[in-house]
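Engineer: Just so we're aligned, residue 170 is where the sequence shown starts under this note's numbering, counting upward by one. The structure's right below; bear with me while I get my questions together.
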Amino acid sequence: MSILGQLSQDLLVMAKGRIFSALLMVFLVLAPHCKAFYLPGSYMHTYRQGEEIWAKVNSLTSIETELPFSYYSLPYCHPQGGIKKSAENLGELLMGDQIDNSPYRFRVNVNESLYLCTTNPLDEADVKLLKQRSRDLYQVNMILDNLPVRRFTEQNGVTIQWTGYPVGYTPEGSNEVYIINHLKFKVLVHRYEGGKVKVVGTGEGMEVISETETDAKSGYEIVGFEVVPCSVKRDLEAMSKLKMYEKVDPTSCPVEMEKSQLIREKEQITFTYEVEFVNSDIRWPSRWDAYLKMEGAKIHWFSIMNSLMVILFLAGIVFVIFLRTVRRDLTRYEELDKEAQAQMNEELSGWKLVVGDVFREPTSSKLLCVMIGDGVQILGMAIVTIFFAAFGFMSPASRGMLLTGMIFLYMLLGIVAGYAAVRLWRTLKGTSEGWRSVSWSTACFFPGIVFVVLTVLNFMLWSRNSTGALPISLFFTLLSLWFCISVPLTLLGGFFGTRAEPIEFPVRTNQIPREIPAKNYSWLLVLGAGTLPFGTLFIELFFILSSIWLGRFYYVFGFLLVVLLLLVVVCAEVSVVLTYMHLCAEDWRWWWKAFFASGAVALYVFLYSINYLVFDLRSLSGPVSATLYIGYAFVVSLAIMLATGTVGFLTSFSFVHYLFSSVKID
170 MSILGQLSQD LLVMAKGRIF SALLMVFLVL APHCKAFYLP GSYMHTYRQG
220 EEIWAKVNSL TSIETELPFS YYSLPYCHPQ GGIKKSAENL GELLMGDQID
270 NSPYRFRVNV NESLYLCTTN PLDEADVKLL KQRSRDLYQV NMILDNLPVR
320 RFTEQNGVTI QWTGYPVGYT PEGSNEVYII NHLKFKVLVH RYEGGKVKVV
370 GTGEGMEVIS ETETDAKSGY EIVGFEVVPC SVKRDLEAMS KLKMYEKVDP
420 TSCPVEMEKS QLIREKEQIT FTYEVEFVNS DIRWPSRWDA YLKMEGAKIH
470 WFSIMNSLMV ILFLAGIVFV IFLRTVRRDL TRYEELDKEA QAQMNEELSG
520 WKLVVGDVFR EPTSSKLLCV MIGDGVQILG MAIVTIFFAA FGFMSPASRG
570 MLLTGMIFLY MLLGIVAGYA AVRLWRTLKG TSEGWRSVSW STACFFPGIV
620 FVVLTVLNFM LWSRNSTGAL PISLFFTLLS LWFCISVPLT LLGGFFGTRA
670 EPIEFPVRTN QIPREIPAKN YSWLLVLGAG TLPFGTLFIE LFFILSSIWL
720 GRFYYVFGFL LVVLLLLVVV CAEVSVVLTY MHLCAEDWRW WWKAFFASGA
770 VALYVFLYSI NYLVFDLRSL SGPVSATLYI GYAFVVSLAI MLATGTVGFL
820 TSFSFVHYLF SSVKID
């Protein structure tokens, strides 16, 4: 401590003296030679006039089926050098992304209209597949400089933004299907000029003035990527004479139906595109704003205010329990002499009657320890992930980063899960015997259930040849991460748990259990208590489900972090109130009820997910899509139950321990 104190004094001296000014001068002189990055996003890239940029294509996606397919599963033009897959992280693979190169070439600030290719005559299989993908509302997802392409449509006088463009379309009043074979791209660019930092001395202190000037590194930043898709029937005789990237006449979109390209057998389809570069005032750090534009901010604030009202209501109840009931009883008890205390012990009622049974080991104590360990792990992962996402460390520009970060955080927190589970086991049993079994069960309980569910769903995706199916290599990668990182860390945490002191109970447990009065509404009360935590969550849950299943961006992690913290507080309060009510009813079996009092919110989350499937995802078609949805909803609900149940149990345990540590009953 003396070293730290001396170091802090030295830093203060430096801050006040010339040394600090000299260090600042050196930093500012070297600053122009340093590279930096902004949050959220990725590294800035500038392009020279006429420099070639190649667009990439992601998997075809649909809100009708939720089954992604490869872009080149349809008869589209191939790049001249062949199809090359981009490197993908773990999160992208798990989300079903398959990013490939494409033949679409752009030359910076060069407006042009180009020919790509003409397909071979379509056979019956091609026609059937194209029509099916068009009727299932599949979208082509294209990427340029890490920006997904956007398009705009008018519905009831309102402009709606979409990412991607459709494979094809069927006009109203027609049974014919037309393919999108001509794309009008608009690329927004911002002129970037290199900058330098100029330091100006002003006597005692310094002033930093930032100037911009053109240098060798100046160029153009891509800050927007838009498309207008249309269907155009071309003159095959004229097109057959062209080679890839030769110029064609520009086309106005949309065109009349008789001039559009039908999907039918023996038909040859010509693909063309136009590019227009437009100067924009949008700067690089703001280029994702158009995608992440937050809608319904008032609804988010309403959700938070609603949660705060629930918290204040429950806090009032907890306040009454602690300060008016419990403290009043304890104060009156402590003021009595020994004879009066002995007489009062014979007249005890309510929670004081279960003093000899309140810490009796619960049924299925091993399962309880395992679920608490997994709950601590999931809760820690959720809080850390959302915290970093709220501060921009997991930008949508880095695809799959959020899911990848969650997986690695979950594995690293295995050491905390093992410690929590084994220490609770030691507390209940009074010995470390069997801690290895508890640690192994903690490491395999939740991941094992998730692995079984994902394996079943994966076989269904394999049967449909979807890119959402995990390859065998990824299965082995996940198993390796599980058994080579997560399991050893959980066992290590369990070992540390055996070395930690068990929590001492403040009162002794009787040998003979006390009879519990018959209560028929006990578990109904526990299940009903889950509605209060759900009330803090359900509005944000709607936005999350919409982002996952309707292909929208979700990036209001600041709101989500606040809602998560409010959810934790509500779960803690609900569990304390329910535990106290059960103890007052002379029911000493509070362990599992404390867990499910707050964990029951998962039941309502699952039921709400089914409601969302029935009423908001009515376009979702097919038993495979519905099974996928229900499978993922089950996994998420299980994780929520473990996390919220753990919050409720740990809070109730602390409450009961504090309550009975104040009682002087032998």
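Beta carbons: idealized from backbone N, C-alpha and C, even for Gly.
CB-CB under 8 Å to Val336, same chain, minus the five flanking residues each way: which ones, in chain order?
Structural biologist: As a working mapping, residue 336 is identified with position 167 in the sequence shown. The answer, listed in chain order, is Leu229, Leu243, Leu299, Arg302, Ser303, Tyr307, Gln308, Val309, Ile348, Ile349.
Engineer: Assign Pro686 to buried or exposed, taking buried as 16 or more other Cβ atoms, counted over all protein chains shown, within 10 Å of its Cβ.
Structural biologist: Within the sequence shown, the letter at position 517 stands for residue 686. By the neighbour-count rule (16 or more Cβ atoms within 10 Å), Pro686 is not buried but exposed.
Engineer: Determine the direct distance from the alpha carbon of Val739 to that of Leu483, and round the result to whole angstroms.
Structural biologist: Translated into positions along the sequence shown, residue 483 becomes position 314. Translated into positions along the sequence shown, residue 739 becomes position 570. Distance between the alpha carbons of Leu483 and Val739 is about 7 Å.
Engineer: What span of residues does the beta strand (DSSP E) with Trp760 cover, start to end?
Structural biologist: By one-based count along the sequence shown, residue 760 stands at place 591. Looking at the DSSP string, Trp760 is not in any beta strand (DSSP E); the run it does join, the alpha helix (DSSP H), is 760-768.
Engineer: Tell me Ile222's beta-bridge partners as DSSP assigns them.
Structural biologist: Here residue 222 refers to the residue found at position 53 when the sequence shown is read from its first residue. Answer is Phe275.
Engineer: From Leu696, Tyr334, Asn280, pick the residue whose C-alpha is nearest to that of Ser231; which is it?
Structural biologist: Sequence index remark: in the sequence shown, residue 231 carries index 62 (1-based). Selected option, being the one with the closest Cα: Tyr334.
Engineer: Please go through the same chain and pick out, in chain order, the residues whose beta-carbon is closer than 7 Å to the beta-carbon of Gln546, but skip the five residues on each side of it.
Structural biologist: Counting from one through the sequence shown, the residue named residue 546 turns up at place 377. The answer, listed in chain order, is Tyr579, Leu582, Gly583, Val585, Ala586.
Engineer: Around the Cβ of Lys225, are there at least 16 other Cβ atoms within 10 angstroms (buried) or fewer (exposed)?
Structural biologist: Position 56 of the sequence shown holds residue 225. Per the 10 Å Cβ criterion, buried.
Engineer: Give me, in chain order, the residues of the same chain whose beta-carbon lies closer than 6 Å to that of Arg529; leave out the 5 immediate sequence neighbours on both sides.
Structural biologist: Residue numbering aside, residue 529 sits at position 360 when the sequence shown is read from its first letter. Taken in chain order, the residues that qualify are Thr678.
Engineer: Looking at C-alpha atoms only, which residue of Thr815, Thr624, Val479, Arg668 is the closest neighbour of Gly599?
Structural biologist: Reading the sequence shown from its first residue, position 430 is the one you call residue 599. Comparing Cα-Cα distances from Gly599 to each of Thr815, Thr624, Val479, Arg668, the minimum goes to Arg668.
Engineer: Would you call Asp450 buried or exposed, if buried means 16 or more other Cβ atoms sit within 10 Å of its Cβ?
Structural biologist: Numbered from its first residue, the sequence shown carries residue 450 at position 281. Exposed, by the Cβ-count rule.
Engineer: Would Trp453 and Glu362 be called neighbours here (beta carbons separated by less than 7 Å)?
Structural biologist: Walking along the sequence shown from the start, residue 453 turns up at place 284. Walking along the sequence shown from the start, residue 362 turns up at place 193. No. Outside cutoff.
Engineer: Between the segment 771-779 and the segment 804-819, do at least 3 Cβ pairs fall closer than 8 Å?
Structural biologist: Touching, yes, given that three or more Cβ pairs across the two stretches are closer than 8 Å.
Engineer: CB Ala559 to CB Gly727, shorter than 7 Å?
Structural biologist: Counted from its first residue, the sequence shown places residue 559 at position 390. Counted from its first residue, the sequence shown places residue 727 at position 558. Yes.
Engineer: For Lys297 and Arg605, I'd like the C-alpha separation in whole angstroms.
Structural biologist: By 1-based counting over the sequence shown, the position of residue 297 is 128. By 1-based counting over the sequence shown, the position of residue 605 is 436. One C-alpha to the other measures close to 57 Å.
Engineer: What does a CB cutoff of less than 8 Å around Thr554 pick up in its chain, not counting 5 residues either side in sequence?
Structural biologist: If you number the sequence shown from 1, residue 554 lands on position 385. If we look at Thr554 and ignore the five residues flanking it on each side, its Cβ neighbours are Met563, Leu571, Gly574, Met575, Leu578.
Engineer: What residues in its chain sit with their C-beta under 6 Å from that of Trp757, if we drop five residues either side in the sequence?
Structural biologist: Sequence index remark: in the sequence shown, residue 757 carries index 588 (1-based). Around Trp757: Val523, Asp526, Val527.
Engineer: State the CB to CB distance for the pair Val356 and Phe440, rounded to an integer number of angstroms; the pair is presumed to be in contact (CB under 8 Å).
Structural biologist: Numbered from its first residue, the sequence shown carries residue 356 at position 187. Numbered from its first residue, the sequence shown carries residue 440 at position 271. Not quite, the Cβ-Cβ distance comes to about 19 Å (not below 8 Å), so this is no contact.
Engineer: With DSSP as the reference, identify every bridge partner of Gly388, one or two as the case may be.
Structural biologist: Counting from 1 along the sequence shown, the entry for residue 388 is found at position 219. Its beta-bridge partners are Tyr361.
Engineer: Restricting to runs no shorter than 4 residues, where is the alpha helix (DSSP H) found entirely within the segment 520-556?
Structural biologist: Qualifying alpha helix (DSSP H) stretches: none in this window.
Engineer: Contact between the segment 759-768 and the segment 792-802 is defined here as three or more beta-carbon pairs at a separation below 8 Å; is this criterion met?
Structural biologist: The segment 759-768 is not in contact with the segment 792-802.
Engineer: Between the segment 234-250 and the segment 266-275, are three or more C-beta pairs nearer than 8 Å?
Structural biologist: Enough Cβ pairs lie closer than 8 Å, so yes.
Engineer: Per DSSP, what kind of secondary structure is Lys297 in: helix, strand or coil?
Structural biologist: Here the question's residue 297 lines up with position 128 in the sequence shown. In this structure, Lys297 counts as helix in the three-state DSSP scheme.
Engineer: Three-state secondary structure (DSSP) at Tyr207?
Structural biologist: Stepping through the sequence shown from its first residue, residue 207 is reached at position 38. Because the pLDDT at Tyr207 is just 38, under 50, the model does not fix this residue reliably, and the point stays unresolved.
Engineer: Starting from the C-beta of Tyr284, find all residues in its chain whose C-beta is less than 6 Å away, skip the five residues before and the five after it, and write them out in chain order.
Structural biologist: Working through the sequence shown from its first residue, we reach residue 284 at position 115. Once the five neighbours on either side are set aside, the close Cβ partners of Tyr284 are Leu411, Glu415, Val417, Thr441.
Engineer: So is Thr322 buried or exposed if we call it buried at 16+ other beta carbons inside 10 Å?
Structural biologist: Locating residue 322 in the sequence shown gives position 153, counting from the first residue. Exposed, because fewer than 16 other Cβ atoms sit within 10 Å of the Cβ of Thr322.
Engineer: With DSSP as the reference, label Tyr460 as helix, strand or coil.
Structural biologist: Position 291 of the sequence shown holds residue 460. Tyr460: coil per DSSP, three-state reduction.
Engineer: My output table needs one value for Arg304: the three-state DSSP class, helix, strand or coil.
Structural biologist: For this step, residue 304 is matched to residue 135 along the sequence shown. Residue state, collapsed to three classes: helix.
Engineer: What does DSSP give as the partner residue(s) for Asn270 in the beta ladder?
Structural biologist: Within the sequence shown, the letter at position 101 stands for residue 270. Lys225.
Engineer: Just mark Glu425 as buried or exposed, buried being the case when its beta carbon has 16 or more other beta carbons within 10 Å.
Structural biologist: Counting from 1 along the sequence shown, the entry for residue 425 is found at position 256. That one is exposed.
Engineer: Going by beta carbon distance, what residues of the same chain come within less than 7 Å of Cys286, once the five residues before and after it are set aside?
Structural biologist: The sequence position of residue 286 within the sequence shown is 117, counting from 1. Counting only Cβ-Cβ distances below 7 Å, and skipping sequence neighbours, we find Cys246, Met413, Phe440.
Engineer: Rounded to the nearest angstrom, what separates Val695 and Leu747 at their Cα positions?
Structural biologist: The residue labelled residue 695 in the question sits at position 526 within the sequence shown. The residue labelled residue 747 in the question sits at position 578 within the sequence shown. Approximately 7 Å, taken between the alpha carbons.
Engineer: Determine the DSSP secondary structure at Phe824, reduced to helix, strand or coil.
Structural biologist: Your numbering for residue 824 matches position 655 in the sequence shown. In this structure, Phe824 counts as helix in the three-state DSSP scheme.
Engineer: To the nearest angstrom, report how far apart Asp835 and Tyr777 are at their CA atoms.
Structural biologist: Sequence index remark: in the sequence shown, residue 835 carries index 666 (1-based). Sequence index remark: in the sequence shown, residue 777 carries index 608 (1-based). A caution first: Asp835 carries a pLDDT of 47, below 50, which makes its placement in the model unreliable, though a value can still be read off. Whole-angstrom Cα-Cα distance: 49 Å.
Engineer: Could you pull the start and end residues of the alpha helix (DSSP H) that Asn627 belongs to?
Structural biologist: Sequence index remark: in the sequence shown, residue 627 carries index 458 (1-based). It spans 604-632 - the alpha helix (DSSP H) in which Asn627 sits, taken as one unbroken run.
Engineer: Taking a contact to mean a Cβ-Cβ separation below 7 Å, would you say Tyr338 touches Val277 in this structure?
Structural biologist: If you number the sequence shown from 1, residue 338 lands on position 169. If you number the sequence shown from 1, residue 277 lands on position 108. The answer is no: Cβ separation not under 7 Å.
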